[in-house]
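J.:
There are 2 protein chains.
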Amino acid sequence: MARSMHVRRPATLASLAAELGVSRTTVSNAYNRPDQLSPELRRRVLETARRLGYPGPDPVARSLRTRKAGAVGLLLTENLSYAFRDPAAIGFLEGLALACEDAGTGLLLVPANPEREDVAAVHRAGVDGFVVYSVPDDDPHLAAVLERPVPTVVCDQPDLGNVDRVGIDDQAAMNSLARHLISLGHRRIGVVCMRLARDRNDGYVTPERQRSAHFHVQRSRLAGLADAFTEVGVDWAAVPVVERFDHNIASGAAAAAQVLDRDPQITALICTSDILALGALGEARRRGLNVPHDLTVTGFDGIREAEAAGLTTVRQPVLEKGRAAGKLLLDSAERTRPRSVLLSTELVIGTTAASPRGVVEERWFGP
Amino acid sequence: MARSMHVRRPATLASLAAELGVSRTTVSNAYNRPDQLSPELRRRVLETARRLGYPGPDPVARSLRTRKAGAVGLLLTENLSYAFRDPAAIGFLEGLALACEDAGTGLLLVPANPEREDVAAVHRAGVDGFVVYSVPDDDPHLAAVLERPVPTVVCDQPDLGNVDRVGIDDQAAMNSLARHLISLGHRRIGVVCMRLARDRNDGYVTPERQRSAHFHVQRSRLAGLADAFTEVGVDWAAVPVVERFDHNIASGAAAAAQVLDRDPQITALICTSDILALGALGEARRRGLNVPHDLTVTGFDGIREAEAAGLTTVRQPVLEKGRAAGKLLLDSAERTRPRSVLLSTELVIGTTAASPRGVVEERWFGP
DNA sequence: AATTGGTTCTGAACCGTTACGGTCACTTCA
DNA sequence: TGAAGTGACCGTAACGGTTCAGAACCAATT
Chain A
1 MARSMHVRRP ATLASLAAEL GVSRTTVSNA YNRPDQLSPE LRRRVLETAR RLGYPGPDPV
61 ARSLRTRKAG AVGLLLTENL SYAFRDPAAI GFLEGLALAC EDAGTGLLLV PANPEREDVA
121 AVHRAGVDGF VVYSVPDDDP HLAAVLERPV PTVVCDQPDL GNVDRVGIDD QAAMNSLARH
181 LISLGHRRIG VVCMRLARDR NDGYVTPERQ RSAHFHVQRS RLAGLADAFT EVGVDWAAVP
241 VVERFDHNIA SGAAAAAQVL DRDPQITALI CTSDILALGA LGEARRRGLN VPHDLTVTGF
301 DGIREAEAAG LTTVRQPVLE KGRAAGKLLL DSAERTRPRS VLLSTELVIG TTAASPRGVV
361 EERWFGP
Chain B
1 MARSMHVRRP ATLASLAAEL GVSRTTVSNA YNRPDQLSPE LRRRVLETAR RLGYPGPDPV
61 ARSLRTRKAG AVGLLLTENL SYAFRDPAAI GFLEGLALAC EDAGTGLLLV PANPEREDVA
121 AVHRAGVDGF VVYSVPDDDP HLAAVLERPV PTVVCDQPDL GNVDRVGIDD QAAMNSLARH
181 LISLGHRRIG VVCMRLARDR NDGYVTPERQ RSAHFHVQRS RLAGLADAFT EVGVDWAAVP
241 VVERFDHNIA SGAAAAAQVL DRDPQITALI CTSDILALGA LGEARRRGLN VPHDLTVTGF
301 DGIREAEAAG LTTVRQPVLE KGRAAGKLLL DSAERTRPRS VLLSTELVIG TTAASPRGVV
361 EERWFGP
């Protein structure tokens, strides 16, 4: 009943002022600056507001005048809903939400459907700034964000030179994981990676596609691997690298199967994410391969599920990334040059990596 | 460089129009209704816009004029970041995001800190509607939402009579779980529940507090239990019910310990959420109790982790709940009476519930 | 009596759009 | 040839606030 009255409601700050016989300014002050009017008048204003069903100053109008929206926008590469399925993305979101919460700011999830190139949602977003999380560097949504006259922080993106940035050194992190495997004796490896560009390419990846990958994170991780293995004489161009568009355990399993079918002699399967690695583990089990002795499997991210599985991986502080991004954005106080936050990672030695059988034998029976 | 020009940008639709010598309307049409002007003029407008660094119509001003924000607000009972830690909440979010995505609408996470009673964030939110998820029914944020003149959908809330609603029949669902345990022979039970009100009360719950609980979901589940057990002659007032404010596995373990310490003779520990139940399972293991033979443990929600643990529980369609809430809100097309969506639940028979030892013995050696 | 200072309240400008209802020149058609 | 369309563009009036420089008033000080 009370609510149905609200449905079409003419009450506005002006009408309230008229009703009370005071100026709009006074009504505004009643809400925003209680010290600017007598307590008695303020009481009257608020009471009349209640009587007329006036819900207080309209947020949009206020935003227009004050030029603050009280919210930051988040642009994700994937469907909005995907973010809630990927543990790493969830961690990032949690951190970002934490930062927003601290600042009393809202967090607007912008519906940027990667399929249609509909950038309108970016234009429609009434926000004070944007956080962009892991989108391909040629994403039109990203371009649209950069054209908006608001501060922006990118995460897991290449250095754009003129925008705040937070991330990790993916290349170095993956490089150190590679060195670990190399030290264990692995030379014949296969790689399973997430998608490298906006187009779907479920299968083998050419070196050219690796170099020109539009996802900075994936490109860097592959580069880290290539560097390490090239250094010990492995012909990177001959290393099988398979890509999967969809990021889930089934994809990881399918990709692992594809590699193992064509190159059964590999001793290690390096995956660029834990999710893919969990799929690879499943596939190995299905084939009766003993991990790590028949096959080493590694991941990247350090999600909880990976820990439970004992995965050898690289842990990155996903929550911290989100929080850092939020903080950076929210205290964009007259900074001049763009800032860059690089968080550290940690190599997690699990139980899914070991020396390949051949190497062990070498040690025992070698020269 | 190009970006630094944007920092203080005077370019507006009006200034663009002036520069071009056309009316503001025409510039507006260039963006919003290409058919209303000649392609040639439109091209000129857009080009001049680029030259002047005009980023297109200001979203906030547009929202004010059109009276749509292009976003829906989500109000959660907990800290924003908490939502990303609770699997059930994540599922709800995913469903809601799905619905928003379909409609091309943004999703604004409103920072409603449950500690301070700062309702301002609700007032500041520029949204076309609200979804309210599982907040105490006396939450001031909820009251603030209901005063806003926008459509609202509540989820896991009591029927407010004048607002759209989606949920499940918590009472019936828990009742059926209780009957299952009763049929197994359980009569001496303990209960672990989530928090019942806004104040922290880690410990035993009086029947009075149960009845007056401000979290509809918890109140209903307890009522479902009370009904079932009362019916078979159990004195509900004597059943130990312990409450925990924090919702995590450690809390569940601590609560279980509290019950088991005081009432070691109970044969079943009924938890009102899977998370708590997982904690209880851990505590039982720690005490060397064999689940289910020494102790039956049950949960509620049907999260993935529960399935992995073989928990006997009630599965509810959390994703569907989110999606239904979103849909309800987004097609608020001139409905008259409030709508209500009740989703169905499913009793999941796991491996954590069995007949108590006594009952088995009765069967074998009884009269 | 004039000045000062402090409250309390007001007027008008401004925020950047879009909706609405035109005008005007130029076909088209009977 | 006159009436009725049609396409391209424009003027005005909101949309609902906030802000800032005063005005009006009163009490206290010089």
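So the sequence lines, in the order shown, correspond to chains A and B.
Last residue of the first sequence? That's 367 in UniProt numbering, and every number before it is there in order.
Last residue of the second sequence? That's 367 in UniProt numbering, and every number before it is there in order.
The C-beta atom is built at its ideal place from N, Cα and C for all residues, glycine as well.
Every value quoted in this text rests on a predicted model; they were computed, and no experiment measured them.
From which residue to which residue does the beta strand (DSSP E) around M194(B) run?
T.: Position 194 of the second sequence, counted from the first residue, corresponds to residue 194(B). Element bounds for M194(B): 189 to 194.
J.: So, is the C-beta of G129(A) closer than 9 Å to a C-beta in chain B?
T.: What you label residue 129(A) is simply residue 129 of the first sequence in a count that begins at 1. So no, G129(A) is outside the interface.
J.: Determine contact between the region 349 to 357 of chain B and the region 301 to 317 of chain B, defined as no fewer than three beta-carbon pairs at a distance below 8 Å.
T.: yes
J.: Between the region 25 to 32 of chain B and the region 81 to 95 of chain A, do at least 3 Cβ pairs fall closer than 8 Å?
T.: no
J.: Can you list, in chain order, the residues of its chain with a C-beta nearer than 7 Å to that of E361(A)? Leave out the 5 residues immediately preceding and following it.
T.: Within the first sequence, residue 361(A) is the residue found at index 361, counting from 1. For E361(A), the pLDDT reaches just 40, beneath the cut-off of 50, and the residue's location in the model is therefore unreliable, although a value from the coordinates is still provided. Cβ within range, chain order: n/a, list empty.
J.: Counting Cβ pairs closer than 8 Å, one from the region 290 to 309 of chain A and one from the region 258 to 275 of chain A, do we hit at least three?
T.: yes
J.: With P151(A) and S332(A) assumed to form a contact (beta carbons below 8 Å), what rounded beta-carbon distance in angstroms separates them?
T.: Within the first sequence, residue 151(A) is the residue found at index 151, counting from 1. Within the first sequence, residue 332(A) is the residue found at index 332, counting from 1. About 4 Å; that satisfies the 8 Å criterion.
J.: Please report the residue range of the beta strand (DSSP E) in which F130(A) lies.
T.: Numbered from its first residue, the first sequence carries residue 130(A) at position 130. Element bounds for F130(A): 130 to 133.
J.: Considering G282(A), what are the terminal residues of the alpha helix (DSSP H) in which it resides?
T.: For the purposes of this step, residue 282(A) is taken as residue 282 along the first sequence, with counting starting at 1. First-last of the alpha helix (DSSP H) with G282(A): 274 to 286.
J.: Is there a C-beta anywhere in chain B that falls below 9 Å from the one on residue 374(A)?
T.: Residue numbering for chain A in the displayed model covers 1 to 367; residue 374(A) lies beyond these limits and cannot be assessed.
J.: Does the structure place the region 10 to 17 of chain A close enough to the region 54 to 74 of chain A that three or more beta carbon pairs sit under 8 Å?
T.: yes
J.: Roughly how many angstroms separate the alpha carbons of S340(B) and L330(B), rounded to a whole number?
T.: Numbered from its first residue, the second sequence carries residue 340(B) at position 340. Numbered from its first residue, the second sequence carries residue 330(B) at position 330. Here the C-alpha atom of S340(B) lies approximately 14 Å from the C-alpha atom of L330(B).
J.: Going by the beta-carbon positions, is the gap between V191(B) and V232(B) smaller than 9 Å?
T.: Numbered from its first residue, the second sequence carries residue 191(B) at position 191. Numbered from its first residue, the second sequence carries residue 232(B) at position 232. Contact flag unset, no.
J.: May I have a chain-ordered list of the beta strand (DSSP E) segments no shorter than 3 residues that lie completely inside the region 216 to 257 of chain A?
T.: Listed in chain order, they are 241 to 243.
J.: Pick helix, strand or coil for I182(B), following the three-state DSSP scheme.
T.: The residue given as residue 182(B) occupies position 182 in the second sequence. The answer is helix: DSSP assigns I182(B) an H, G or I state.
J.: Who does A268(B) pair with in a DSSP beta bridge?
T.: In the second sequence, residue 268(B) corresponds to position 268, counting from 1. A268(B) pairs with I189(B), T296(B).
J.: To the nearest whole angstrom, what separates the beta carbons of L196(A) and H214(A), a pair I think is in contact under 8 Å?
T.: Here residue 196(A) refers to the residue found at position 196 of the first sequence. Here residue 214(A) refers to the residue found at position 214 of the first sequence. Indeed, because the Cβ distance is near 7 Å, the residues count as touching under 8 Å.
J.: Helix, strand or coil, according to DSSP, for I349(A) in the structure here?
T.: Within the first sequence, numbered from 1, the residue matching residue 349(A) stands at position 349. Note: I349(A) maps to coil in three-state DSSP.
J.: For P39(B), does the count of other Cβ atoms within 10 angstroms reach 16, so buried, or fall short, so exposed?
T.: Numbered from its first residue, the second sequence carries residue 39(B) at position 39. Label assigned to P39(B): exposed.
J.: According to the Cβ coordinates, are A173(A) and L347(A) closer than 9 Å?
T.: Within the first sequence, residue 173(A) is the residue found at index 173, counting from 1. Within the first sequence, residue 347(A) is the residue found at index 347, counting from 1. Yes, they are a contact pair.
J.: Spatial neighbours of R323(A) within its chain, please: C-beta separation below 6 Å, excluding the five flanking residues on both sides.
T.: Taking the first residue of the first sequence as 1, we reach residue 323(A) at position 323. Once the five neighbours on either side are set aside, the close Cβ partners of R323(A) are G95, L98, A99.
J.: Per DSSP, which one or two residues make a beta bridge with Y204(A)?
T.: Within the first sequence, numbered from 1, the residue matching residue 204(A) stands at position 204. Its beta-bridge partners are V242(A).
J.: What ranges does the beta strand (DSSP E) occupy inside the region 130 to 170 of chain A, keeping only unbroken runs of at least 3 residues that lie completely in it?
T.: Listed in chain order, the complete beta strand (DSSP E) runs (minimum 3 residues) inside the region 130 to 170 of chain A are 130 to 133, 152 to 155, 164 to 168.
J.: Is the CB of H123(B) under 9 Å away from at least one CB in chain A?
T.: Along the second sequence, one-based indexing puts residue 123(B) at 123. At least one chain A Cβ lies under 9 Å of H123(B).
J.: Determine which residues of the UniProt domain "HTH lacI-type" (11 to 66) of chain B have a Cβ less than 7 Å from any Cβ of chain A, and write them out in chain order.
T.: Among the residues of the UniProt domain "HTH lacI-type" (11 to 66) of chain B, those with a Cβ less than 7 Å away from any Cβ of chain A are P55, G56, P59, V60, A61, S63, L64, in the order of the chain.
J.: Would you say D263(B) faces chain A, with C-beta separation under 9 Å as the test?
T.: As a first step, residue 263(B) is located in the second sequence; it is residue number 263 there, counting from the start. It does not; no Cβ of chain A falls within 9 Å.
J.: From E101(A) to N113(B), what distance separates their C-alpha atoms?
T.: Start at 1 with the first residue of the first sequence, and residue 101(A) comes out as number 101. Start at 1 with the first residue of the second sequence, and residue 113(B) comes out as number 113. E101(A) and N113(B): Cα-Cα distance of roughly 8 Å.
J.: Mind pulling the chain A residues with CB within less than 9 Å of I90(B)?
T.: By 1-based counting over the second sequence, the position of residue 90(B) is 90. By Cβ distance, chain A contributes F84, R85, I90.
J.: Taking D294(A) as the reference, give the member of P356(A), R262(A), L46(A) with the closest Cα.
T.: Taking the first residue of the first sequence as position 1, residue 294(A) is located at position 294. Among P356(A), R262(A), L46(A), the Cα nearest to that of D294(A) is on P356(A).
J.: What does S81(B) touch in chain A if you count any residue whose Cβ is under 7 Å from its own?
T.: As a first step, residue 81(B) must be located in the second sequence, where it is residue number 81. Under the 7 Å cutoff, chain A gives E94, A97, L98, E101.
J.: Measure from the alpha carbon of L75(B) to the alpha carbon of each residue in S63(B), V119(B), L37(B), L64(B), then state which is nearest.
T.: Position 75 of the second sequence holds residue 75(B). Among S63(B), V119(B), L37(B), L64(B), the Cα nearest to that of L75(B) is on V119(B).
J.: Can you tell me whether L74(A) is helix, strand or coil according to DSSP?
T.: For this step, residue 74(A) is matched to residue 74 along the first sequence. Strand at L74(A).
J.: If the cut is a Cβ gap below 7 Å, which residues of chain B does A71(A) touch?
T.: In the first sequence, counting from the first residue as 1, residue 71(A) sits at position 71. Those are L108, listed as they occur along chain B.
J.: Can you list, in chain order, the residues of its chain with a C-beta nearer than 8 Å to that of E19(B)? Leave out the 5 residues immediately preceding and following it.
T.: For the purposes of this step, residue 19(B) is taken as the residue at position 19 of the second sequence. The residues T48, L52, in chain order, have a CB closer than 8 Å to that of E19(B) in the same chain once the five nearest residues on each side in sequence are set aside.
J.: Just to confirm before moving on: does the CB-CB distance between R315(A) and T345(A) stay below 9 Å?
T.: Counting from one through the first sequence, the residue named residue 315(A) turns up at place 315. Counting from one through the first sequence, the residue named residue 345(A) turns up at place 345. Cβ atoms of R315(A) and T345(A): closer than 9 Å.
J.: With 9 Å set as the bound, which would you pick, yes or no: does the beta-carbon of T105(A) sit closer than that to a beta-carbon of chain B?
T.: The residue given as residue 105(A) occupies position 105 in the first sequence. At least one chain B Cβ lies under 9 Å of T105(A).
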